[in-house]
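Encoded as structure tokens, the structure appears first; notes follow it.
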Amino acid sequence: MPSPDLSRIEAAIIDLDGTLVDTVGDFEQALARTLADLGLPAVDRAFIKRTVGRGSMHLLRQTLAQAGGAPGLLDAAWVHYQRHYAEINGRHADVYPGVREGLAAMRARGWRLACVTNKPRAFAVALLETKGLLACFEHVFGGDSFERQKPDPLPLISTCRALATSPARTLMVGDSRNDAEAARAAGCPVVLVSYGYNHGEPVADVRPDRVIDRLDALS
Numbered sequence: 001m002p003s004p005d006l007s008r009i010e011a012a013i014i015d016l017d018g019t020l021v022d023t024v025g026d027f028e029q030a031l032a033r034t035l036a037d038l039g040l041p042a043v044d045r046a047f048i049k050r051t052v053g054r055g056s057m058h059l060l061r062q063t064l065a066q067a068g069g070a071p072g073l074l075d076a077a078w079v080h081y082q083r084h085y086a087e088i089n090g091r092h093a094d095v096y097p098g099v100r101e102g103l104a105a106m107r108a109r110g111w112r113l114a115c116v117t118n119k120p121r122a123f124a125v126a127l128l129e130t131k132g133l134l135a136c137f138e139h140v141f142g143g144d145s146f147e148r149q150k151p152d153p154l155p156l157i158s159t160c161r162a163l164a165t166s167p168a169r170t171l172m173v174g175d176s177r178n179d180a181e182a183a184r185a186a187g188c189p190v191v192l193v194s195y196g197y198n199h200g201e202p203v204a205d206v207r208p209d210r211v212i213d214r215l216d217a218l219s
């Protein structure tokens with residue numbers, strides 16, 4: 001599959017967890033504290049890496065099941081999780097190598113940038129601000145910003161409207177099948193990074209337009 005023609009690109013929509021920032025440490029801490037509140041054992045990091053990417057409620061539901069918790073605990077778990085995640089957001093997370101340079105290169109090209117994640121928007125904005133990345137983006141949209149989340153194309157289509165760009169000229173940059181499926185359905189070219197959280201699957205199997213090892217390799 002040919003690489004996207006970057007000379008035609010006017011904007012980029014970029015995922016957050018697993019693409020810009022390695023947040024598994026944050027998820028691990030918040031989930032461990034939540035499960036402890038409920039008298040349940042912690043889940044391992046490998047499980048978390050396979051499960052993140054489809055929104056916080058999906059992650060929490062799957063984690064409860066993995067830890068042996070009853071489905072009826074979900075509402076209580078959500079309250080605990082929201083509190084714990086807000087307390088540790090960004091403390092156990094690291095910006096991936098090449099991200100700052102890659103974002104700077106995109107902006108130097110004149111691209112308009114938006115961050116679109118399935119993480120709740122308030123958590124996304126706080127994390128980007130903590131890591132010094134928020135100013136790079138004109139818009140930040142979360143899993144609670146639209147009626148549906150990725151892999152539905154609605155978040156990408158709506159973001160293109162906000163950026164005043166067409167999907168064909170708006171590059172999706174992510175780390176997972178969710179990002180690729182959303183991009184294909186929206187009509188956006190898509191590049192995936194090789195280092196993220198693609199539910200335990202090789203990212204090349206998703207057949208994006210291109211796979212890169214660092215965000216600054218796109219420039």
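In my numbering, the protein residues as written are 1 to 219. Beta carbons: idealized from backbone N, C-alpha and C, even for Gly. Keep in mind that this is a model prediction, so the values were computed, not measured.
Query raised in the report: Exposed or buried, Asp87, counting other C-beta atoms within 10 Å across all chains shown (16 or more means buried)?
Result: Looking at the sequence itself, residue 87 is Glu, so the reference to Asp does not match. Result: exposed.
Query raised in the report: Could you give the C-beta distance for Asp17 and Gly53, rounded to a whole number, given that I count them as a contact under 8 Å?
Result: 7 Å
Report task. Put Ile212 into one of helix, strand or coil per three-state DSSP. Result -> strand
Requested in this report: Can you check DSSP and say which residues form a bridge with Thr170?
Outcome: Ala11
Report task. Look up Asp175 in the DSSP assignment and give the residues it is bridged to. Result -> Answer is none; Asp175 lacks a bridge partner.
Requested in this report: Please work out which residues of its chain come closer than 6 Å, Cβ to Cβ, to His84, disregarding the five sequence neighbours upstream and downstream, and give them in chain order.
Outcome: Ala30, Arg33 and Thr34
Query raised in the report: In its own chain, which residues sit with a C-beta less than 7 Å from the C-beta of Gln149, not counting the 5 before and 5 after it?
Result: Gly55, Asn118, Gly143 and Pro155
Report task. Ignore the nearest five residues each way along the sequence and tell me which others in Thr51's own chain have a CB closer than 6 Å to its CB. Result -> Leu59 and Gln62
Query raised in the report: With which residues is Cys136 paired in a DSSP beta bridge?
Result: DSSP output for Cys136 lists no bridge partner at all.
Query raised in the report: For the alpha helix (DSSP H) that Ala122 lies in, which residues bound it at each end?
Result: Arg121 to Thr130
Query raised in the report: From this set, Ala11, Tyr197, Pro208 and Pro4, which residue's C-alpha is nearest Leu103's C-alpha?
Result: Ala11
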